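Chains A and B, in that order, give the protein sequences.
Using my numbering, read the first sequence as starting at 549 and increasing by one per residue.
Using my numbering, read the second sequence as starting at 378 and increasing by one per residue.
Just so it is clear, CB atoms sit at the ideal spot from N, CA and C, and this is done for glycine as well.
These figures come from a predicted structure and were not determined experimentally.
To keep things clear, I will list the structure first and then write my remarks on it.
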Amino acid sequence: DTGVSQDPRHKITKRGQNVTFRCDPISEHNRLYWYRQTLGQGPEFLTYFQNEAQLEKSRLLSDRFSAERPKGSFSTLEIQRTEQGDSAMYLCASSPRQDPNTGELFFGEGSRLTVL
Amino acid sequence: GQNIDQPTEMTATEGAIVQINCTYQTSGFNGLFWYQQHAGEAPTFLSYNVLDGLEEKGRFSSFLSRSKGYSYLLLKELQMKDSASYLCAVIIDYKLSFGAGTTVTVRA
């Protein structure tokens with residue numbers, strides 16, 4: 549078990565470009581979350597998957613953001629037409645619990661995005 | 378909606394005790410978590426409270442009062458490696474909502 553892995557760890561891009569982040573959760577974890585964190589703040593919820601189904605999206609997730617989890621394993625988060633305000637750490641977390649109201653989250657190391 | 382408030386920064390001496398308070402206002406409540414996050418690293422789970430009272434786990438303890446919307450994390454016998462951000466989070470509608478975190482600096 550290698551834990552939750554995210555790729556790339558760092559991404560620098562120019563405004564207007566598209567970027568994609570990948571998350572590989574701990575195997576057999578059926579719940580997967582994406583959070584965004586900026587300096588000095590706690591993680592902000594973006595979206596959540598139960599297996600392959602995307603169950604909730606935050607209003608923070610504009611139409612430039614899209615997330616997928618095909619086959620209920622790895623997930624991707626794509627940001628189209630990036631803006632400087634998208635610069636943040638994008639954290640992925642997974643959890644094995646069937647009941648979504650219990651259980652801790654296991655976070656990956658994050659993908660840091662810098663938009664110039 | 379929910380508001381989660383915790384102090385921004387705290388400083389303590391190695392070997393001492395520090396208490397980090399967290400207050401929350403939520404329209405629903407299903408449990409409270411504390412996470413530790415070292416600079417540049419992922420948050421890691423510390424504790425979970427769903428019932429009132431104190432949960433002890435080695436040098437760390439967490440307390441919850443649901444009627445007061447209040448929790449604290451108690452760090453005893455502080456070590457230099459405890460310097461980190463401590464995040465209070467509540468479960469609402471299947472997801473964790475985090476406070477801004479309290480940065481604890483441990484001095485020798």
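Asked, Found
"Rounded to the nearest angstrom, what separates Y447 of chain B and K619 of chain A at their Cα positions?", "40 Å"
"Using a Cβ-Cβ cut-off of less than 8 Å, list which residues of the segment 416-434 of chain B approach chain A; keep chain order.", "E418, A419, P420, T421, F422, Y425 and V427"
"From the beta carbon of S474 of chain B, is the nearest beta carbon of chain A less than 8 Å away?", "yes"
"According to DSSP, is Q628 of chain A part of a helix, a strand, or is it coil?", "coil"
"May I have the straight-line CA-CA distance separating Q565 of chain A from T586 of chain A, to the nearest angstrom?", "20 Å"
"Roughly how many whole angstroms lie between the Cα atoms of S623 of chain A and E604 of chain A?", "15 Å"
"Just verifying my parser: in three-state terms, what is the DSSP assignment at D459 of chain B?", "helix"
"Output, in chain order, the set of chain A residues within a Cβ distance shorter than 8 Å of A477 of chain B.", "G588, Q589 and G590"
"Alpha carbon to alpha carbon, how far is T421 of chain B from A601 of chain A?", "26 Å"
"F597 of chain A CB to nearest chain B CB: under 8 Å?", "no"
"For my contact list, F655 of chain A and A419 of chain B are in at a C-beta cut-off of 8 Å; report their separation, rounded to the angstrom.", "4 Å"
"So the beta strand (DSSP E) S610 of chain A belongs to, where does it begin and stop?", "Counting along the chain, S610 of chain A falls outside any beta strand (DSSP E), and DSSP gives it neither H nor E."
"With a threshold of 8 Å between beta-carbons, can L464 of chain B be considered close to chain A, or not?", "yes"
"Between the segment 401-417 of chain B and chain A, which residues of the former have CB atoms less than 9 Å from a CB of the latter, in chain order?", "N407, G408, F410, Y412, Q414 and G417"
"Which of the three DSSP states is assigned to D429 of chain B in this structure?", "coil"
"Which of helix, strand or coil does DSSP assign to K472 of chain B?", "strand"
"On a Cα-Cα basis, can you pick out the residue from B:A416, B:Q414 and B:F410 that is closest to L431 of chain B?", "B:F410"
"With 8 Å as the threshold, decide whether the Cβ of Y638 of chain A is near any Cβ in chain B.", "no"
"Any contact between the segment 436-447 of chain B and the segment 569-587 of chain A? By contact I mean 3 or more CB pairs, one from each, below 8 Å.", "no"
"Using the rule of at least 16 other Cβ atoms within 10 Å of the residue's Cβ for burial, across every protein chain shown, is D382 of chain B buried or exposed?", "exposed"
"What does the alpha-carbon distance come out to for the pair G478 of chain B and R629 of chain A?", "30 Å"
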